[in-house]
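Read in order, the letters of the sequence shown are residues 4 to 249 in the working numbering. Just so it is clear, CB atoms sit at the ideal spot from N, CA and C, and this is done for glycine as well. Below is one structure, written out as structure tokens; the observations come after it.
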Amino acid sequence: MKDHKIIPKVMQTGERSIRFSFGDKISEETFQQIRVFNQLIRTYGKLEIEDVVPSYTTVHVYFHSNTTSPIEWSHKLLENWNEMNLKTNKDQPYNTIQIPVCYDEEFALDIQKVMKHTSLTHKEMINLHTAPAYAVHAIGFLPGFPYLGGLHPRLATPRLEVPRERLGEGTVGIGGAQTGVYPVSSPGGWNIIGRTPLSLYQPNRNIPFLCKAGDIVRFQAISVKQFWEIKRDLEQNPDDIQHWIT
């Protein structure tokens, strides 16, 4: 992490909510500092905090009703932040999630469109999609949907003009300069390039949400046979999802 520390701006957004803004630049430096700041909040304010919602450049904090002064609390938090040595706080309790994806045309409904738009072969597209370590900047839109940063610019493809009415759980897509995984069945306007057998959200599992903000996601190409083998195993033993978390 670089030595330069971003001092966030504070804004009260409600009677029991505060927003910390780290500027308007989406970058690796901002991501890393929000990771550390998020953990500081959870450690420093575990009695006062109801929820913490990090995103690309902001962190929203929601307080319990018994917190008397969110602004005063925020100023004390920033005093702690100013005193922190970022070099000693790199190791945070975040995970790397390996997400296997089958890019076979059986699951990749828009693969030909993406190949045509990007002038990439199927193999080149898969190599570029599986190469990065994607940062999970936020969770939203759908339960467990990870907003990922790090898509290779050559893969950027405009969204569909007419969204599909229904996409299956685990569908992997590209929408503009972003990529992501639909954790549940839903409508969607992204270009579908594959599918994962993993469930990113399963409420009855020991780990309901596979990803959280601050985690790193890596995609791994698998065959159709491997897809169905992994899917059958996880249907029988949902908590085997731990195998994909490091």
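- Looking at the DSSP output, Asp54 sits in a beta bridge with Tyr65.
- Ile114 counts as buried, since no fewer than 16 other beta carbons sit within 10 angstroms of its beta carbon.
- When the beta-carbon positions are compared, His120 and Pro161 come within less than 9 Å of each other.
- DSSP places Ser77 within a helical segment (H, G or I) once states are collapsed to three.
- Taking 9 Å as the cut-off, the Cβ atoms of Gly147 and Pro103 do not count as close.
- In this structure, Thr16 sits near His63, with a CB-CB distance shorter than 9 Å.
- Its Cα nearest to that of Ser77, the residue Met14 stands out among Ser202, His67 and Met14.
- In the displayed model, Thr124 falls within coil according to three-state DSSP, outside both helix and strand.
- Residue Trp193 holds the alpha-carbon nearest to the alpha-carbon of Glu168 among Thr182, Leu151, Gly153 and Trp193.
- Where Asn209 is concerned, there is no enclosing alpha helix (DSSP H), because DSSP gives it neither an H nor an E.
- Following the DSSP letters along the chain, one finds Val227 inside the alpha helix (DSSP H) bounded by residues Val227 to Gln239.
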